[in-house]
Structure formats: C-alpha cells, structure tokens
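A.B. asks: Let me begin by handing over the structure; questions about it come next.
Residue numbers (the numbering used here): 338 to 518.
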C-alpha cells in the first residue's frame, strides 16, 4: 500500500500481487522456505496430490508437491496475474513482465531491482536483452480474456463499466445457463 503512489491493491506490481503461502501437514517438512514464484491456481492441484486423490486434467494449475519436498527443485513456470481485461503480468523466479491493454510493457529484474523502479523495456542500454526476455515470457500470456467478474471492488472500481459484470449478475447468468441445459 503506497508503492508507486498507489493506495489500493489494484495494480500488477510485486507489492500488490504477492501473498504468503504456507503449507503444513503430514509429509511436509517443517521450517523450510521456498523462493520460487507460484500461484494460488496451484493450491487445489497440490491438495489433490497431497491427499493422494486422482489428478484433474481440467485444472490449469499444477501440484506444488515437488517444491514442498525439495524447495530448490526446478520450477520454470511464471505466475500469471491479471487485473481487468487484457492487463497481465508474469512473475518468474527473476523477472516480472507486464503487458497492458494499451500495448505498453514493463520488464523488471528482481535480482537487481526488487522495488520495480527500472523498467528494462524503456532502457535503451538493455533493449535487446530485455526484448528477448519479454518475448520468452509472453508465450505464457492468455490468448483470450473472460469478462471479469466485479467482486469486492465495488462500483468505485476504475474498471467498473468497462465490460465488467457484478457478482450477482454473474450468478444470475450462471443460473440461467444451468436452467437452459
């Protein structure tokens, strides 16, 4: 809160997209940390795996069990964060790449710039290397965007009215769709 003069968690920067994630239970070694970037989309597949339940092929996330067993395991999948239509950010183990609906881009190197102050895409000195890194990360961006559901943001959201629908409207549409089927 307050990073880059923003007073709400409505951005794609590091300080607004990070949340703590803690696992505890049988078979999980206590008091270990993992520095890999993972997403909440991976929690449900992880719980299925830890409970020895069948894998679900319809889930986009993947089990974090390998990282729970060996925190330094290779993990080469960036985490996708989305804020509104066509605004996406990918957080890898070292870099964060963001692309916005207006076509603008940002690339930050967390090894050298943890606060995301220096957009490498805008830096001519690193333009070639930055473009290569950005192009590698872009392949993880979604190819289509569902209409965002307006939840806790309320009608004061800057995105309200730009293709968003209220949670109540989404529930009505879902109920109508179920009746039709």
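Just so it is clear, CB atoms sit at the ideal spot from N, CA and C, and this is done for glycine as well.
1) Measure the beta-carbon distance from residue 418 to residue 431 and round it to whole angstroms, keeping in mind my assumption that it falls under 8 Å.
2) If you draw a straight line from the alpha carbon of residue 401 to that of residue 457, how long is it in whole angstroms?
3) Look up residue 426 in the DSSP assignment and say whether it is helix, strand or coil.
4) Per DSSP, which residues does residue 443 bridge with? Please list them.
5) Tell me whether the beta-carbon of residue 442 lies closer than 7 Å to the beta-carbon of residue 436.
6) Candidates 452, 439, 387, 405: which alpha carbon is nearest residue 421's?
7) Indicate whether at least one CB of chain C lies closer than 7 Å to the CB of residue 419.
8) Kindly indicate the opening and closing residues of the alpha helix (DSSP H) around residue 380.
9) Helix, strand or coil for residue 366, going by three-state DSSP, please let me know.
10) Taking 8 Å as the limit between beta carbons, can you name the residues of its chain near residue 460, skipping five residues before and five after?
11) Of the residues 374, 425, 416, 396, which one's Cα is nearest the Cα of residue 404?
12) Quick one: what's residue 418 bridged to in DSSP?
13) Output the boundary residues of the alpha helix (DSSP H) element that contains residue 404.
14) CB-CB under 6 Å to residue 380, same chain, minus the five flanking residues each way: which ones, in chain order?
15) Cβ atoms of residue 398 and residue 382: under 7 Å apart, would you say?
16) Taking the beta carbon of residue 449 as the centre, do at least 16 other beta carbons fall within 10 Å, making it buried, or is it exposed?
C.D. replies: Per the coordinate set shown:
1) To locate residue 418, count along the chain shown from 1; it is residue 81. To locate residue 431, count along the chain shown from 1; it is residue 94. Contact doesn't hold; Cβ gap of about 16 Å is too wide.
2) Looking up residue 401 in the chain shown gives position 64. Looking up residue 457 in the chain shown gives position 120. Using only the alpha carbons, I get a separation of about 30 Å.
3) Here residue 426 corresponds to residue number 89 of the chain shown, with the count starting at 1. Three-state result, residue 426: strand.
4) Stepping through the chain shown from its first residue, residue 443 is reached at position 106. Residue 443 is bridged to 435.
5) Start at 1 with the first residue of the chain shown, and residue 442 comes out as number 105. Start at 1 with the first residue of the chain shown, and residue 436 comes out as number 99. The answer is yes: Cβ separation under 7 Å.
6) By 1-based counting over the chain shown, the position of residue 421 is 84. Measuring from the Cα of residue 421, the nearest candidate turns out to be 439.
7) No chain C appears in this structure, which consists of one protein chain only.
8) Here the question's residue 380 lines up with position 43 in the chain shown. It spans 380 to 387 - the alpha helix (DSSP H) in which residue 380 sits, taken as one unbroken run.
9) By one-based count along the chain shown, residue 366 stands at place 29. Under the three-state reduction of DSSP, residue 366 is assigned to coil, being neither helix nor strand.
10) As a position in the chain shown, residue 460 is number 123, starting the count at 1. Take residue 460, set aside five residues on each side of it, and the residues of its chain with a beta-carbon closer than 8 Å to its own are 467, in chain order.
11) On the chain shown, residue 404 is found 67 positions in, with the first residue counted as 1. Ranked by Cα distance from residue 404, the first of 374, 425, 416, 396 is 374.
12) The residue given as residue 418 occupies position 81 in the chain shown. 426, per the DSSP bridge assignment.
13) Position 67 of the chain shown holds residue 404. Unbroken alpha helix (DSSP H) run through residue 404: 402 to 406.
14) Within the chain shown, the letter at position 43 stands for residue 380. The answer is none, since no qualifying residue turns up.
15) Along the chain shown, one-based indexing puts residue 382 at 45. Along the chain shown, one-based indexing puts residue 398 at 61. Yes.
16) Within the chain shown, the letter at position 112 stands for residue 449. When all chains shown are included, residue 449 counts as exposed.
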